[in-house]
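Asker: Residue numbers (this note's numbering): 5 to 348. All C-beta atoms in this analysis are idealised placements derived from N, C-alpha and C, irrespective of residue type, glycine included. These figures come from a predicted structure and were not determined experimentally.
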């Protein structure tokens with residue numbers, strides 16, 4: 005039995021350019037999941053009897069031990085980040101459903117997700133989940149597995165269904181990343197690849213994302229920036245240790261909320277006005293659009309005087325790209341391009 009534990013968790017959520025990644029990973033996945041094993045086969049190959057090599061796999065996932073006796077064949081994803089990861093690894097034909105989408109799939113993944121039904125626009129009930137007879141429920145938020153949500157993890161285990169949370173979304177002590185990095189995101193991709201027997205596809209995806217990041221130079225001048233996600237009376241913003249902070253750091257920008265040790269936080273308008281960001285990154289969601297946020301900022305006399313508002317220095321990012329996942333690398337490239345365009 006192979007057991008994987010991540011050292012970082014044991015220590016005491018407009019991106020369209022995924023096509024090359026998807027094409028490469030789908031090809032590798034197709035090649036690696038159906039061949040008979042021989043000496044020198046990769047770890048995600050199968051044996052002549054059809055059993056996947058390297059299984060069972062046991063994981064310490066957010067403090068819950070999960071054992072995969074074989075690669076899951078009926079996967080339900082909850083949240084866009086998990087849906088997009090599974091599709092990027094070529095798992096569309098193994099997905100029995102998705103739920104709680106944060107928006108439409110990127111253009112390059114839409115075709116792969118055509119035949120995957122969306123069972124709910126919110127967290128589905130356990131009754132609905134079990135009706136699909138999944139062998140894996142893959143959640144983008146740990147809170148999905150609650151009694152008033154999709155059901156607790158122990159309960160799923162009693163039904164013989166594995167549960168798994170994207171490790172970067174773990175919240176428990178010793179499991180929540182101290183400060184999320186791209187290496188953490190890439191570790192998550194590779195761990196998911198082990199679970200679904202798509203190691204080669206995961207490695208190709210990570211390599212492609214590293215290449216994207218290598219092609220992005222930090223912006224000049226280290227501008228101060230606010231990552232504005234939602235909220236009207238009290239804005240909800242990217243804080244100092246999550247995916248927004250990771251992307252701002254990669255861009256060479258100075259996060260005005262870097263002093264808050266959390267993924268997200270509420271921040272009063274008075275503090276935002278006082279810290280006076282030069283750039284505002286706006287999360288664009290169907291239920292809270294970037295345009296709505298701009299109208300709010302420009303119509304309020306207090307916020308209208310912020311440097312970023314006076315100069316119209318707004319960058320936009322889709323909601324799904326603002327959480328740790330396969331969109332983050334391309335989001336960095338897109339934000340860098342948007343910032344460069346501000347000066348043109």
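#1: Rounded to whole angstroms, how far is the Cβ of residue 200 from the Cβ of residue 93, which I believe are closer than 8 Å?
#2: Give the straight-line distance between the Cα atoms of residue 76 and residue 140, rounded to the nearest whole angstrom.
#3: List the residues that DSSP assigns as beta-bridge partners of residue 283.
#4: For the pair the segment 211-223 and the segment 72-91, tell me if three or more CB-CB distances fall below 8 Å.
#5: Reducing DSSP to helix, strand and coil, say where residue 250 ends up.
#6: Return the residue from the list 322, 275 and 224 that minimises the CA-CA distance to residue 293.
#7: Give me the DSSP bridge partner(s) of residue 124.
#8: Using a Cβ-Cβ cut-off of 7 Å (strictly less than) and excluding sequence neighbours within five positions of residue 233, which residues of its own chain qualify?
#9: Report, in whole angstroms, the separation of the C-beta atoms of residue 172 and residue 154, which I expect to be a contact under 8 Å.
#10: Nearest to residue 279 by CA position, among 303, 310 and 174, is which residue?
#11: Count the other CB atoms, across all protein chains shown, that sit within 10 Å of the CB of residue 104; report buried if there are 16 or more and exposed otherwise.
#12: If you compare alpha carbons, which of 204, 245 and 254 is closest to residue 224?
#13: Considering residue 205, what are the terminal residues of the alpha helix (DSSP H) in which it resides?
#14: Out of curiosity, what's the CA-to-CA distance linking residue 204 and residue 135?
#15: Which residue from 209, 304, 299 and 290 puts its Cα closest to that of residue 186?
#16: So the beta strand (DSSP E) residue 143 belongs to, where does it begin and stop?
#17: May I have a chain-ordered list of the alpha helix (DSSP H) segments no shorter than 4 residues that lie completely inside the segment 60-86?
#18: Skipping 5 residues on each side, what residues in its chain have a beta carbon closer than 8 Å to that of residue 263?
#19: Among the residues of its own chain, which have a CB less than 7 Å from the CB of residue 79, if the five just before and after it don't count?
#20: Taking residue 343 as part of the alpha helix (DSSP H), name the residues at either end of that continuous run.
#21: So what's residue 268 in DSSP terms, helix, strand or just coil?
#22: Where residue 324 and residue 74 are concerned, what is the direct C-alpha to C-alpha distance, given to the nearest angstrom?
#23: For residue 277 versus residue 306, is the C-beta distance shorter than 8 Å?
#24: Is residue 241 helix, strand or coil when you go by DSSP?
Answerer: Working from what's here:
#1: 6 Å
#2: 6 Å
#3: 229
#4: no
#5: helix
#6: 322
#7: 103
#8: Within the same chain, and ignoring the five residues on either side of residue 233 in sequence, the residues whose Cβ sits closer than 7 Å to its Cβ are 240, 241, 242, 268, 287 and 326.
#9: About 19 Å; that fails the 8 Å criterion.
#10: Measuring C-alpha to C-alpha distances from residue 279 to each of 303, 310 and 174 identifies 310 as the nearest.
#11: buried
#12: 254
#13: Boundaries of the alpha helix (DSSP H) around residue 205: 203-218.
#14: 32 Å
#15: The shortest C-alpha separation from residue 186 is found at 209.
#16: 140-143
#17: none
#18: 244
#19: 90, 95, 98, 99, 100, 138, 140 and 142
#20: 332-346
#21: Residue 268 falls in the strand class under three-state DSSP.
#22: 30 Å
#23: yes
#24: strand
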